[in-house]
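Colleague:
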Amino acid sequence: MALHLSMPGARAVRARHERLATLVAAVTVALAGLIHLVLIPEHFAERFLYGVVFTAMALFQLTLAWLLLQRPGPRVYRAGIWGSGLIALVYVATRLAPPPGATAPEAVDAIGIAATALELAAVILLAVALPDGPPHPGLAPRWWGIVGGLATAPLWLVATGSLTWTDTLTRPWLTWYGQRTPISPALVGSPYPHLWLFAPWWVLLGAAGLSLLVGLNLWLATRLVAEGKLSCRARRAGLLALLPAAFAAPLCCGAPLAALFGIPLVVRFKVAPLTMALSLLLLTANLAWLAARARRGAAC
2 MALHLSMPGA RAVRARHERL ATLVAAVTVA LAGLIHLVLI PEHFAERFLY
52 GVVFTAMALF QLTLAWLLLQ RPGPRVYRAG IWGSGLIALV YVATRLAPPP
102 GATAPEAVDA IGIAATALEL AAVILLAVAL PDGPPHPGLA PRWWGIVGGL
152 ATAPLWLVAT GSLTWTDTLT RPWLTWYGQR TPISPALVGS PYPHLWLFAP
202 WWVLLGAAGL SLLVGLNLWL ATRLVAEGKL SCRARRAGLL ALLPAAFAAP
252 LCCGAPLAAL FGIPLVVRFK VAPLTMALSL LLLTANLAWL AARARRGAAC
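Counting from 2, one number per residue, gives the positions in the sequence shown under my numbering.
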């Protein structure tokens, strides 16, 4: 009887959490939309294309905020996750490489930082609110692990500013630079034309460790989801352990997320390896929790 009573209670708690996450996400998306709305005239004055893009982003975000308040649901949550994530990605990309028609990357400013922070917050909130759908066939667990692990290293190198776009067209070359310091020896060079790499030793260790742990987490979590022992929401929540590492900055050469959000240089210098280590620790703990859950299921 206690079990039957607890199930509706658990569902009620989940429903309250979903409503709260949806409400806060609607507010953050609306604020980001208002920021883009205010910036429309300025960007039309710069280039017609930029004005059209900002108009589209503002309309999308304000419409999304209305839908989240009036007609929330999985489709709206997914549209918000992909749309907000894409807008944040555009902001980061245009600070790493020149946008169309420009000769240099856009400058980092406070209002852009604020809008991107709101969009990333909306992505996290909507991912939490998104309920589990009916099971359907998809990638095998091992492919989730392989693809996720292989994608983690390059994405992290871009997020930290270790891998950046450059105007210079060079032949691929790589070399080790510097002696033993907090940011050297570092792997420096051009792995591909128009790409520049500056990866200190701890960045390279972090890329390898994060790739391995993300791959293992995705593999085991997806296996548990397929066996009905874990929810998709719990799998998504486990990957939030990557957030601290995304703000680790090697101090050269691009615009890492830590700089885009206004974190001072001295602070980035001191805490970058620690934020990376924190993500490694959180991913290890999540992997241990998943393994324990798998063992309990096998024992039953």
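Note that CB positions come from ideal geometry on N, CA and C, so glycine has one too.
Starting from G190 and walking both ways along the alpha helix (DSSP H), at which residues does that stretch end?
Modeller: Taking the sequence shown and counting its residues from 1, the one referred to as residue 190 is at position 189. Taken as a continuous stretch (DSSP letters only), G190 belongs to no alpha helix (DSSP H), being part of the beta strand (DSSP E) at 185 to 191.
Colleague: What are the boundary residues of the beta strand (DSSP E) that S165 is part of?
Modeller: By 1-based counting over the sequence shown, the position of residue 165 is 164. For the sequence presented, residue 165 should be read as Thr rather than Ser. Its beta strand (DSSP E) spans residues 164 to 166.
Colleague: Inspect the beta-carbon positions of A152 and I36 and report whether they are closer than 8 Å.
Modeller: In the sequence shown, residue 152 corresponds to position 151, counting from 1. In the sequence shown, residue 36 corresponds to position 35, counting from 1. No, Cβ-Cβ distance for A152 and I36 is not below 8 Å.
Colleague: Would you kindly report the start and end of the unbroken alpha helix (DSSP H) that includes P142?
Modeller: As a working mapping, residue 142 is identified with position 141 in the sequence shown. Start and end: 142 to 160.
Colleague: Taking one C-beta from the stretch 117 to 133 and one from the stretch 89 to 101 each time, how about it: are there three or more such pairs within less than 8 Å?
Modeller: They touch, by the three-pair rule.
Colleague: Using the rule of at least 16 other Cβ atoms within 10 Å of the residue's Cβ for burial, across every protein chain shown, is F55 buried or exposed?
Modeller: Mapped onto the sequence shown, residue 55 falls at position 54. With 16 or more Cβ atoms within 10 Å of its Cβ, F55 is classed as buried.
Colleague: Could you check whether the stretch 160 to 178 touches the stretch 190 to 207, counting it as contact only if at least three pairs of C-beta atoms, one from each stretch, sit closer than 8 Å?
Modeller: Yes, since at least three Cβ pairs between the stretch 160 to 178 and the stretch 190 to 207 fall closer than 8 Å, the two stretches touch.
Colleague: Does DSSP put A286 in a helix, a strand or coil?
Modeller: Taking the first residue of the sequence shown as position 1, residue 286 is located at position 285. Helix at A286.
Colleague: Exposed or buried, what is V159 when buried is set at 16 or more other beta-carbons lying within 10 Å of its beta-carbon?
Modeller: Sequence index remark: in the sequence shown, residue 159 carries index 158 (1-based). Counting Cβ neighbours within 10 Å, V159 comes out buried, since at least 16 surround it.
Colleague: Measuring alpha carbon to alpha carbon, tell me which residue in L288, G102, R181, L24 is nearest A242.
Modeller: As a first step, residue 242 must be located in the sequence shown, where it is residue number 241. Comparing Cα-Cα distances from A242 to each of L288, G102, R181, L24, the minimum goes to L288.
Colleague: Looking at the structure shown, is P194 part of a helix, part of a strand, or coil, going by DSSP?
Modeller: As a working note, residue 194 is residue 193 in the sequence shown. Three-state DSSP puts P194 in coil, outside helix and strand.
Colleague: Taking the straight line between their C-alpha atoms, what separation do you get for L70 and A27?
Modeller: On the sequence shown, position 69 is the one that residue 70 refers to. On the sequence shown, position 26 is the one that residue 27 refers to. Straight-line Cα distance between these residues: approximately 7 Å.
Colleague: Can you find the residues in the same chain that come closer than 8 Å, C-beta to C-beta, to W177, ignoring five residues on each side of it along the sequence?
Modeller: Along the sequence shown, one-based indexing puts residue 177 at 176. Result list for W177: P186, A187, L188, V189, in chain order.
Colleague: Alpha carbon to alpha carbon, what distance is there between G179 and G210?
Modeller: Within the sequence shown, numbered from 1, the residue matching residue 210 stands at position 209. Within the sequence shown, numbered from 1, the residue matching residue 179 stands at position 178. Computed Cα separation, rounded: 23 Å.
Colleague: Provide the residue(s) that pair with A94 in DSSP beta bridges, ordered along the chain.
Modeller: Here residue 94 refers to the residue found at position 93 when the sequence shown is read from its first residue. A94 is not bridged to any residue.
Colleague: Could you pull out every residue in the same chain whose Cβ sits closer than 6 Å to the Cβ of L63, ignoring the five residues on either side in sequence?
Modeller: By 1-based counting over the sequence shown, the position of residue 63 is 62. Excluding positions up to five away in sequence, the list reads G34.
Colleague: Report the three-state DSSP secondary structure of S7 (helix, strand or coil).
Modeller: In the sequence shown, residue 7 corresponds to position 6, counting from 1. The pLDDT assigned to S7 is 47, lower than 50, so where the model puts this residue is not dependable, and the model offers no usable value.
Colleague: Can you tell me whether DSSP reads G229 as helix, strand or coil?
Modeller: Walking along the sequence shown from the start, residue 229 turns up at place 228. Looking at G229 - three-state DSSP - the assignment turns out to be coil, as it is neither helix nor strand.
Colleague: How many angstroms separate the CA atom of L4 from the CA atom of V204?
Modeller: For the purposes of this step, residue 4 is identified with residue 3 of the sequence shown, where counting begins at 1. For the purposes of this step, residue 204 is identified with residue 203 of the sequence shown, where counting begins at 1. The predicted position of L4 is uncertain, since its pLDDT is 42 and thus under 50; a value taken from the coordinates is nonetheless stated next. Using only the alpha carbons, I get a separation of about 48 Å.
Colleague: Leaving out the 5 sequence neighbours to the left and right, which residues in its chain are closer than 7 Å to G150 when beta-carbon positions are compared?
Modeller: By 1-based counting over the sequence shown, the position of residue 150 is 149. Excluding positions up to five away in sequence, the list reads S212, L213, V215, G216.
Colleague: For A293, name the three-state secondary structure that DSSP assigns.
Modeller: Walking along the sequence shown from the start, residue 293 turns up at place 292. In the structure shown, A293 sits in a helix (DSSP, three-state: H, G or I).
Colleague: Could you give the distance in angstroms between the alpha-carbon of A122 and the alpha-carbon of V129?
Modeller: Start at 1 with the first residue of the sequence shown, and residue 122 comes out as number 121. Start at 1 with the first residue of the sequence shown, and residue 129 comes out as number 128. Between A122 and V129, the C-alpha separation is close to 11 Å.
Colleague: Would you check if the distance between the CB atom of V30 and the CB atom of L65 is smaller than 8 Å?
Modeller: Along the sequence shown, one-based indexing puts residue 30 at 29. Along the sequence shown, one-based indexing puts residue 65 at 64. Yes, the Cβ-Cβ distance between V30 and L65 is below 8 Å.
Colleague: Could you name the residues that DSSP lists as bridge partners for L175?
Modeller: Locating residue 175 in the sequence shown gives position 174, counting from the first residue. Answer is G190.
Colleague: So the candidates are H44, V148, P132, G52; which of them puts its Cα closest to the Cα of A235?
Modeller: Reading the sequence shown from its first residue, position 234 is the one you call residue 235. Per the Cα distances, P132.
Colleague: Can you tell which of R296, A154, A246 has its C-alpha closest to the C-alpha of R224?
Modeller: Position 223 of the sequence shown, counted from the start, is the residue given in the question as residue 224. Looking at the Cα atoms, R296 is the closest of the given residues.
Colleague: Please list, in chain order, all residues of the same chain as G239 whose beta carbon is under 7 Å from its beta carbon, the five residues on each side excluded.
Modeller: Looking up residue 239 in the sequence shown gives position 238. The answer, listed in chain order, is N218, A222, N287.
Colleague: Does DSSP put P99 in a helix, in a strand, or in coil?
Modeller: Counted from its first residue, the sequence shown places residue 99 at position 98. Coil at P99, not helix or strand.
Colleague: Give every residue of the same chain whose Cβ lies closer than 7 Å to the Cβ of G84, excluding the five residues on either side of it in the sequence, and list them in chain order.
Modeller: Counting from 1 along the sequence shown, the entry for residue 84 is found at position 83. Cβ neighbours of G84 beyond the five flanking positions: F61, L65.
Colleague: Pull up the distance between the alpha-carbon of L6 and that of W290, whole angstroms please.
Modeller: If you number the sequence shown from 1, residue 6 lands on position 5. If you number the sequence shown from 1, residue 290 lands on position 289. The predicted model places L6 with a pLDDT of 41, which falls under 50 and marks its position as unreliable; any figure quoted below should be read in that light. Each residue's Cα considered, the two are about 27 Å apart.
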